[in-house]
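Below is one structure, written out as structure tokens; the observations come after it.
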Amino acid sequence: MYVSSEDERLLREGGCLAKALETVIKVGEAVKADRLLDVDTVHVSGVSYLTIGEAGLEFLRDISSSGARFRVFTTVNPAGVEYGNLNLPVNEGFVKKQMEIVDYLSKMGASLWLTCSPYEFIKPQPGSIHAWGESNAIAYINSVNDAYTEKLPGPFTIIVAIAGKVPRFGLYVEENRIPKVIVKVNAKLTPVKAGLLGRVTAGKLKGEVPFIDYDGWDKQLLKSFLASYATYSPTPLAVIKGVNPNWRRYLGMVDKPDFIIIDEAELRYEQPSDYDALFIGCPHANLEEVMSIVRVLERHGYRKLMKPLIVSTSRFIKSSLSPELINRLREANVYLITDTCPMVSPILQGLGIRRVATSSSKAIFYLPRLVNVNAMPCSIEDCLENELSNY
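Count along the sequence shown starting at 1, add 702, and that's the number in this note's numbering.
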């Protein structure tokens, strides 16, 4: 693998940077990369103590105490607790360990955004190089922005942030981004069905990059589809007609593709009625998603829901809402939580919630596996309308 003269100089100087660079080079050799690429941004996953445990905490403690510092702009995924909210049912020992993790990341230079949707605030240019560890975010900037990132393990994103370099392999190579299968969608998508489409599409492929032929995308549909697709597929890229800025060029490079049709029947689901709570925010809800809930509640005079609605979002979105609105939501049994996510937190278990209705296919996959909470697909707005109309 080619190593530049500048990188050779850094290796000779030794220290934390050299060790990180050595690791990146060894990984590059293992994946048969031809050279290293300079990274524009890094997004670190594996931030919750629930998912990384003592081994991950020890890794961060060691690397932080070594004096290592991030060379590029680095953001981080949600943690296992919400900062400043001690009323949530998380034990003190867990909170202490979680604070350690975040403190080590901060010490190394991370921006503590604590969100799984950094693309809401970072707008990468086509062809720009990134090293992100959160699957939905990777799929989003690959597919929507035509920025370049692979699905990288959380610990490796930390090493890349220190080195400022990533091996050129996989989806960092344009030839590997060319679609092999054309997927025609003959259905009217909603956020729930877009998530189901991601799961169905991934299940029909063998890791190939698809070209998605569907008109009528909006941001919520894209988020739902790509978060689901990246959950069920090893390849976090779908070239989407009319969305990817270079979709025509990619389509022109397609050679003898396979064709798949997905129709309405494959995206059907039963709207549930038996659940303990409603949930949105996987990925973190943006302002439009929060306001869609507000509009439903407004139509019904902010009546109190019989079952709670939990909304996981970023601190940036919550800070854009007035304290009066947040209080009205809380009185209506709607809770905004920031900095965390029920997928990687003991919050739901602590609240005694065992069955969740959600529009997120990603949440449906992870909730039972990570926190032993059953999850089922639903239209949140339909569930709210149904409950509030039956008072």
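All C-beta atoms, glycine included, are put in the ideal place defined by N, C-alpha and C.
Classify residue i: buried if its beta carbon has 16 or more other beta carbons within 10 angstroms, exposed otherwise.
i       : result
Asn793  : exposed
Ser1024 : exposed
Tyr952  : buried
Val875  : exposed
Arg1071 : exposed
Val885  : buried
Gln973  : exposed
Gln800  : buried
Glu836  : buried
Gly680  : A question about residue 680 goes unanswered here, because the residues of the chain that appear run from 703 up to 1093.
Lys853  : buried
Glu784  : buried
Gly730  : buried
Ile963  : exposed
Val733  : exposed
Met810  : buried
Ala757  : exposed
Pro893  : buried
Arg1032 : exposed
Lys895  : buried
Ser930  : buried
Asp1041 : buried
Pro855  : exposed
Lys890  : exposed
Pro936  : exposed
Asn878  : exposed
Gly900  : buried
Which one or two residues does DSSP pair with residue i in a beta bridge?
i       : result
Phe981  : Ile1012, Thr1060
Leu989  : BP columns for Leu989 are empty, so no partner.
Ile884  : Phe913, Phe961
Met810  : Looking at the DSSP assignment, Met810 forms no beta bridge with any residue, so it has no partner.
Asn1076 : Arg1057
Pro869  : Leu738
Leu832  : What sits at residue 832 in the sequence shown is His, not Leu. For His832, which the question treats as bridged, DSSP gives the partners Thr743.
Leu1038 : Val1013
Ile942  : Ile914
Tyr850  : Ile831
Between residue i and the rest of its own chain, which residues show a CB-CB distance below 7 Å, the 5 nearest in sequence each way excluded?
i       : result
Phe823  : Phe1018
Ala740  : Looking at the sequence provided, one finds Asp at residue 740 rather than Ala. Ile831, Gly866, Lys867.
Val1046 : Ser750, Leu752, Thr753, Pro780, Gly782, Leu1072
Arg1056 : Asp978, Val1075, Asn1076
Ser766  : Tyr806, Lys809, Met810
Ala735  : Met703, Pro869, Arg870, Phe871
Leu989  : Ile1019, Ser1022
Cys718  : Ser768, Gly769, Ala770, Ile864
Report all residues from its chain with a CB closer than 6 Å to the CB of residue i; omit the five preceding and five following residues, and keep chain order.
i       : result
Asp960  : Val883
Ser1065 : Per the sequence shown, the amino acid found at residue 1065 is Ala instead of Ser. So the list reads Cys984, Ala1077, once near-sequence residues are dropped.
Leu807  : Val778
Ile1039 : Glu784, Ser1014
Glu910  : Lys882, Val883
Thr776  : Val744, Ala812, Ala863
Ala932  : Ser837, Asn838, Ala841, Pro938
Asp1006 : The residue you asked about is not Asp; residue 1006 is Lys in the sequence shown. Counting only Cβ-Cβ distances below 6 Å, and skipping sequence neighbours, we find Ala1034, Asn1035.
Determine the direct distance from the alpha carbon of residue j to that of residue i, and round the result to whole angstroms.
i       : j       : result
Lys906  : Arg714  : 49 Å
Glu941  : Leu969  : Here residue 941 is Val; the residue named in the question, Glu, does not match the sequence. Looking at the two C-alpha atoms, the distance is approximately 20 Å.
Tyr751  : Thr743  : 24 Å
Phe871  : Cys1085 : 44 Å
Leu762  : Ala967  : 47 Å
Gly1052 : Pro869  : 42 Å
Pro857  : Asn948  : 31 Å
Pro828  : Asp848  : 5 Å
Asn657  : Leu1011 : Since the first residue shown for the chain is 703 and the last is 1093, residue 657 is missing from the structure and cannot be characterised.
Leu1050 : Pro791  : 8 Å
Ala904  : Pro1044 : 24 Å
Val705  : Glu724  : 11 Å
Cys1080 : Leu816  : 26 Å
Given residue i, which residues of its chain have a CB within under 8 Å of its CB, disregarding the five upstream and five downstream residues?
i       : result
Leu1027 : Val996
Tyr1068 : Thr933, Cys984, Met1045
Chain B beta carbons: is any one of them nearer than 8 Å to that of residue i?
i       : result
Cys1043 : Chain labels in this structure do not include chain B; a single protein chain is all it has.
For this session: Please list the segments of the beta strand (DSSP E) lying wholly inside the region 739-799, counting only runs of 3 or more residues, in order along the chain.
Result: 743-746, 775-778
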